[in-house]
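Student: Before I ask anything, here is the structure I am working with.
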């Protein structure tokens, strides 16, 4: 029996990661976090070339990343069997990941990693990101596009950060709008809803409500 594949896409702050995690837990599926792969690539490049890496050194970087043998095991990111998970949220990684991830050749490398992981999964697989249903898993059994109003997404981010540091709601809202613009207008694999995706606006939903909707959709598809 072929692996059941789920693609979850959507803009920043819409809850893709947390939703994918919970759906995977309920269904017993594996999950691939696209963002973690980009962070792993960023961490490795900074470690090798320094924080001021020249991303235009395409050939050299491609050879280096190939030698790093990036893989996914039990939802953790490895490089030559070294677990990189503890390094993925480093401050310098957070600052540089968007710059590195927008490069088309980097996205091609990450695409190969994602597809390999999806094709070797023995259970169902969920991948969340911004180009999953359109680029990574165009033949997914179920495609979900999560969305929510800008202000709702900003409020969620604000509540997430306010206990950790001094943050400003308007600043977060501006950052989300800026990220949306960059994602939508990116030349390579821009954020867009796949034609056959089911759109879920979770602006007025609880987390559990949106999870239950997706789980029910999967169960109906698997009958």
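In full-length UniProt numbering, the protein residues as written are 1 to 223.
From the three backbone atoms N, C-alpha and C, an ideal C-beta is built for every residue, glycine too.
Assign residue 138 to one of two classes, buried (16 or more other C-beta atoms within 10 Å of its C-beta) or exposed (fewer than that).
Tutor: exposed
Student: Select from 155, 160, 187 and 43 the residue whose C-alpha is nearest the C-alpha of residue 170.
Tutor: 155
Student: Ends of the beta strand (DSSP E) at residue 101?
Tutor: Looking at the DSSP string, residue 101 is not in any beta strand (DSSP E); the run it does join, the alpha helix (DSSP H), is 91-101.
Student: Name the DSSP beta bridge partners of residue 82, please?
Tutor: Residue 82 is bridged to 79.
Student: For the beta strand (DSSP E) holding residue 174, just list the boundary residues, first then last.
Tutor: Run containing residue 174: none in the beta strand (DSSP E); it sits in the alpha helix (DSSP H), 169-185.
Student: So, are the CB atoms of residue 16 and residue 141 less than 8 Å apart?
Tutor: No, Cβ-Cβ distance for residue 16 and residue 141 is not below 8 Å.
Student: What is the DSSP secondary structure of residue 142, reduced to helix, strand or coil?
Tutor: In the three-state scheme derived from DSSP, where H, G and I count as helix and E and B as strand, residue 142 is classed as strand.
Student: Alpha carbon to alpha carbon, how far is residue 210 from residue 158? Give it in angstroms, no decimals.
Tutor: Distance between the alpha carbons of residue 158 and residue 210 is about 21 Å.
Student: Three-state secondary structure (DSSP) at residue 156?
Tutor: helix
Student: Please return the same chain residues whose Cβ sits closer than 8 Å to the Cβ of residue 19, not counting the five positions on each side in sequence.
Tutor: 8, 128, 146, 207, 210, 211 and 214
Student: For residue 147, write down the residues that DSSP places opposite it in a beta bridge.
Tutor: 201
Student: Determine which residues share a DSSP beta bridge with residue 7 and list them.
Tutor: 127 and 143
Student: Less than 8 Å between the C-beta atoms of residue 100 and residue 29, yes or no?
Tutor: When the beta-carbon positions are compared, residue 100 and residue 29 stay at least 8 Å from each other.
Student: With distances taken from CA atoms, which of 86, 59, 144 and 76 is nearest residue 191?
Tutor: 144
Student: Enumerated in chain order, which unbroken segments of the alpha helix (DSSP H) with a length of 4 residues or greater are wholly contained in the segment 36-74?
Tutor: 58-67
Student: Starting from residue 216, trace the alpha helix (DSSP H) both ways and give me its first and last residue.
Tutor: 207-222
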